[in-house]
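Participant: I have a structure here, written as structure tokens, and I will follow up with some questions on it.
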Amino acid sequence: MFLELIAAIAAAFAAAGIVLGLNLVTGGRLPRWAMPAAAGAALLGYAVWSEYSWFDRMASDLPEGVEVTFTNHAAVVWKPWTLIAPFVDRFAALDTASIRTNAQVPHQRVADMYFYGRWTRRQGVEVVIDCRAGVMAPLPSAELDDRGAAMRAAWASPLPGDTTLEHACA
Numbered sequence: 014m015f016l017e018l019i020a021a022i023a024a025a026f027a028a029a030g031i032v033l034g035l036n037l038v039t040g041g042r043l044p045r046w047a048m049p050a051a052a053g054a055a056l057l058g059y060a061v062w063s064e065y066s067w068f069d070r071m072a073s074d075l076p077e078g079v080e081v082t083f084t085n086h087a088a089v090v091w092k093p094w095t096l097i098a099p100f101v102d103r104f105a106a107l108d109t110a111s112i113r114t115n116a117q118v119p120h121q122r123v124a125d126m127y128f129y130g131r132w133t134r135r136q137g138v139e140v141v142i143d144c145r146a147g148v149m150a151p152l153p154s155a156e157l158d159d160r161g162a163a164m165r166a167a168w169a170s171p172l173p174g175d176t177t178l179e180h181a182c183a
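What follows is the structure, encoded as structure tokens:
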């Protein structure tokens with residue numbers, strides 16, 4: 014977040030410098046408000062670009078075998094442009110290389126999932142996925158029986174658009 018602040022300030026200084034150069038070339042004919050207006054426009058432009066490109070930048074940096082399974086699109090009133098074109102503010106990813114199956118309980122899988130948020134640290138959790146029932150739960154919430162089957166877990170159905178089950182149960 015600190016580096017984004019530095020980048021926004023650099024964009025503002027660059028825009029102000031361009032206007033200063035134009036003002037020198039035109040012999041001081043630009044209005045006095047041109048430099049702060051350009052700096053403000055650069056700050057706003059950088060903020061909008063950063064919001065909309067965050068997901069693509071994060072998704073492209075995921076390691077091989079980690080698949081994005083869910084994205085959340087946000088629209089907020091204090092950023093009116095998001096009401097027209099919502100941006101991705103968080104997403105979930107499944108590590109397909111970590112999927113494990115128990116031979117005694119072949120319809121259940123255990124895998125690592127990662128949750129990313131725009132202004133939060135990455136959270137990782139092991140999940141148990143019941144392919145037969147179409148539900149999943151965090152593994153720490155589950156009790157395992159003698160065969161290794163998850164029971165008494167905090168089962169939940171995936172949200173609409175979540176492809177975790179398709180990736181894990183394929």
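All the letters of the sequence shown, read from the start, carry residue numbers 14 to 183 under the numbering used here. By construction, the Cβ of each residue, glycine as well, lies at the ideal position given by its N, Cα and C atoms. Since this is a predicted model, take the numbers as computed values, not measurements.
My assumption, with CB atoms under 8 Å, is that A181 sits in contact with R135. Please give the rounded CB distance.
Facilitator: Not quite, the Cβ-Cβ distance comes to about 19 Å (not below 8 Å), so this is no contact.
Participant: Which word fits I19, buried or exposed, when buried means at least 16 other C-beta atoms lie within 10 angstroms of its C-beta?
Facilitator: Exposed, since its Cβ has fewer than 16 Cβ neighbours within 10 Å.
Participant: Buried or exposed: L107, going by 16 or more other Cβ atoms within 10 Å of its Cβ?
Facilitator: Label assigned to L107: buried.
Participant: Between which two residues does the alpha helix (DSSP H) containing R70 stretch?
Facilitator: Its alpha helix (DSSP H) spans residues 47-73.
Participant: Taking the beta carbon of D159 as the centre, do at least 16 other beta carbons fall within 10 Å, making it buried, or is it exposed?
Facilitator: Counting Cβ neighbours within 10 Å, D159 comes out exposed, since fewer than 16 surround it.
Participant: Would you give the residue range spanned by the alpha helix (DSSP H) that L107 belongs to?
Facilitator: L107 -> not in any alpha helix (DSSP H); beta strand (DSSP E) instead, spanning 100-115.
Participant: Can you tell which of R42, A27, A183 has the C-alpha that lies nearest to the C-alpha of T114?
Facilitator: Out of R42, A27, A183, A183 has the C-alpha closest to the C-alpha of T114.
Participant: Between which two residues does the alpha helix (DSSP H) holding E77 run?
Facilitator: Run containing E77: none; DSSP gives neither H nor E here.
Participant: Can you tell me whether D69 is buried or exposed, with buried defined as 16 or more other CB within 10 angstroms of its CB?
Facilitator: Per the 10 Å Cβ criterion, exposed.
Participant: Please report how far the alpha carbon of A47 lies from the alpha carbon of M71, in whole angstroms.
Facilitator: Looking at the two C-alpha atoms, the distance is approximately 35 Å.
Participant: Classify L172 as buried or exposed, calling it buried when 16 or more other Cβ atoms lie within 10 Å of its own Cβ.
Facilitator: Its Cβ having fewer than 16 others within 10 Å, L172 is exposed.
Participant: Taking the Cβ atom as the reference point for each residue, do A146 and A167 lie within a distance shorter than 9 Å?
Facilitator: No, the Cβ-Cβ distance between A146 and A167 is not below 9 Å.
Participant: Answer yes or no: do A54 and I31 have a C-beta to C-beta separation smaller than 9 Å?
Facilitator: Not in contact: A54 and I31 (Cβ atoms no closer than 9 Å).
Participant: Please classify I142: is it buried, with 16 or more other beta-carbons within 10 angstroms of its beta-carbon, or exposed?
Facilitator: I142 is buried by the Cβ-count criterion.
Participant: Quick one: what does DSSP say P151 is sitting in, helix, strand or coil?
Facilitator: Three-state DSSP puts P151 in a strand.
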